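A quick write-up on the structure given underneath.
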Amino acid sequence: MAENGDNLTTRTLLTHSLASWKFFMPLGALPLLWAMIKLPAGGLQILFILNAAYIAFGCWRLWLDEGYFRVIGQDNLAECGKMLAFVWQRERLSTLTLTEREQGARRQLHLTLKATMLAWMLWLLALVITI
Numbered sequence: 001m002a003e004n005g006d007n008l009t010t011r012t013l014l015t016h017s018l019a020s021w022k023f024f025m026p027l028g029a030l031p032l033l034w035a036m037i038k039l040p041a042g043g044l045q046i047l048f049i050l051n052a053a054y055i056a057f058g059c060w061r062l063w064l065d066e067g068y069f070r071v072i073g074q075d076n077l078a079e080c081g082k083m084l085a086f087v088w089q090r091e092r093l094s095t096l097t098l099t100e101r102e103q104g105a106r107r108q109l110h111l112t113l114k115a116t117m118l119a120w121m122l123w124l125l126a127l128v129i130t131i
């Protein structure tokens, strides 16, 4: 019984962590807006745009995973895996365990966080360069 409660707590924490896409999106958009307005067209502006696109993609993935983990559980894992494999046309999605799905979601969370931090570091660097 304790293992089931721990699993529920882990899934709840993961779902709340995945909801942080709501913060990453505006935090990633702010440096992009500044770059579009203040920087001349060129390599640095393209770097801001590409990084913001990656952040937006990461936020979309976090949003999807947040919804998936509200629905997916140990009891319906096989059925949800088949549906995901059909939707995304990737057979591997039907065989993933719940732990592997959680690890993938955490990895996406960390990658999006790192991209957001990169956006702010680029912003600070660009501010120093343009002053």
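Okay, so the sequence shown: first residue is 1 according to UniProt numbering, each after it adds one.
All C-beta atoms in this analysis are idealised placements derived from N, C-alpha and C, irrespective of residue type, glycine included.
Just so it is clear, the structure is predicted and the values come from calculations on it, not from any experiment.
If you check the beta carbons only, do L62 and G81 fall under 8 angstroms apart?
It is not a contact, given that the beta carbons lie outside the stated cut-off.
Three CB pairs or more closer than 8 angstroms across the segment 56-73 and the segment 17-35:
yes
Please determine, among Q89, T10, A53 and T9, the residue with the shortest C-alpha to C-alpha distance to L27.
A53
Going by DSSP in three states, M1 sits in which element: helix, strand or coil?
The predicted position of M1 is uncertain, since its pLDDT is 41 and thus under 50; a value taken from the coordinates is nonetheless stated next. If DSSP states are grouped into helix, strand and coil, M1 belongs with coil.
Assigned exposure category for F69 - 16 Cβ within 10 Å defines buried:
buried
Reference I129; option with closest CA among P40, D75 and V71:
P40
Classify T9: buried if its beta carbon has 16 or more other beta carbons within 10 angstroms, exposed otherwise.
A residue is called buried once 16 or more other Cβ atoms fall within 10 Å of its Cβ, and T9, having fewer, is exposed.
So E91 is in the alpha helix (DSSP H); what residue range does that whole segment cover?
Premise fails: E91 is in no alpha helix (DSSP H) and is neither H nor E.
How far does the alpha helix (DSSP H) with Q108 in it reach, from first residue to last?
For Q108, the enclosing alpha helix (DSSP H) stretches over residues L98 to T130.
If N51 sits next to A126, beta carbons under 8 angstroms apart, how far is it from one beta carbon to the other, in whole angstroms?
Wrong, their Cβ atoms sit about 12 angstroms apart, outside the cutoff.
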